[in-house]
Amino acid sequence: MWFRVLNSRDIITMQFRTIIRNINLLNIILVVAIAIFANHILLPMFDIKASYMPPPAKKGSEEKKEEVSQEVKMPTPLEYAAIADDTLFHPERKIPPEKKGEQQLPKPEFVLYGTMITDDVKIAYLEDLKAPRNTPGRGKRQIAMKKGDTISGYTLKDIEADRIVMVRGEDQIVIPVKRQKERKESVVPAIVSKPPQVEVSPPVPGIPSKR
Numbered sequence: 066m067w068f069r070v071l072n073s074r075d076i077i078t079m080q081f082r083t084i085i086r087n088i089n090l091l092n093i094i095l096v097v098a099i100a101i102f103a104n105h106i107l108l109p110m111f112d113i114k115a116s117y118m119p120p121p122a123k124k125g126s127e128e129k130k131e132e133v134s135q136e137v138k139m140p141t142p143l144e145y146a147a148i149a150d151d152t153l154f155h156p157e158r159k160i161p162p163e164k165k166g167e168q169q170l171p172k173p174e175f176v177l178y179g180t181m182i183t184d185d186v187k188i189a190y191l192e193d194l195k196a197p198r199n200t201p202g203r204g205k206r207q208i209a210m211k212k213g214d215t216i217s218g219y220t221l222k223d224i225e226a227d228r229i230v231m232v233r234g235e236d237q238i239v240i241p242v243k244r245q246k247e248r249k250e251s252v253v254p255a256i257v258s259k260p261p262q263v264e265v266s267p268p269v270p271g272i273p274s275k276r
């Protein structure tokens, strides 16, 4: 008997031949099925791409500003005093300043001489006796006024046939037309001058009187 020493190449060749002998149709189908499964199921699982967007990092200056704004500020004693002085019943939480006494304007003395009313125009002729208006060469004169005109602080609000309405703020005056009889009664009567009296001196004794 003799023995042959096998080298590594001979061993690999023998193993390959043994594998080829054991391969049959069923083994081939099984290998193909495993390859298809790995290609369509396992490989896509390792090829998943996940997209993730990290939030933008805030700058250091912005973070400091937020920290400063979140700090609680304690009011000073002066602010406490200002709160005590404020009133809760005023819309602006402030005590309204006291209004100084307004100077009352003198009340006028209006005289309505007449009105003229047409389809387009309404005019009232009146005068303020306390503030008359004079024209050189004509003396006192009446004033022709329309609705909305102002005299002595009063505004002409309405004109009717026999009266007018003057307003100043909440004050309202109704002035009737002055009749002719009332005008005559208001006229001051003229002073009648007396004729001069001639004084006769008594006769002096011893001097004949003139005849």
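First residue of the sequence shown? That's 66 in our numbering, and the numbers climb one at a time after it.
We treat Cβ as the ideally placed atom computed from N, Cα and C, and that holds for glycine.
All of these numbers come straight from a predicted model, not from anything done at the bench.
DSSP three-state assignment for residue i, whether helix, strand or coil
i	result
V96	helix
E235	coil
L194	coil
Q215	First, the residue type needs correcting, since residue 215 is Thr and not Gln in the sequence shown. Strand.
T200	strand
F206	Going by the sequence as given, residue 206 is Arg instead of Phe. Residue state, collapsed to three classes: coil.
R244	coil
D75	helix
G166	Note that G166 scores a pLDDT of 48, beneath 50, so its modelled location is shaky and nothing firm can be said.
Element boundaries [beta strand (DSSP E), containing residue i]
i	result
V176	F175 to I182
T220	Y219 to I224
I106	It is not in any beta strand (DSSP E) - I106 carries neither H nor E in the DSSP assignment.
Other residues of its chain near residue i: CB distance less than 7 Å, five sequence neighbours each side excluded
i	result
G234	none
Beta-carbon separation (whole angstroms), residue i vs residue j, contact threshold 8 Å
i	j	result
T220	V232	6 Å
Worksheet item: Is there contact here, the segment 187-195 with the segment 203-216, by at least three beta-carbon pairs under 8 Å?
Response: Output reads yes: the segment 203-216 touches the segment 187-195.
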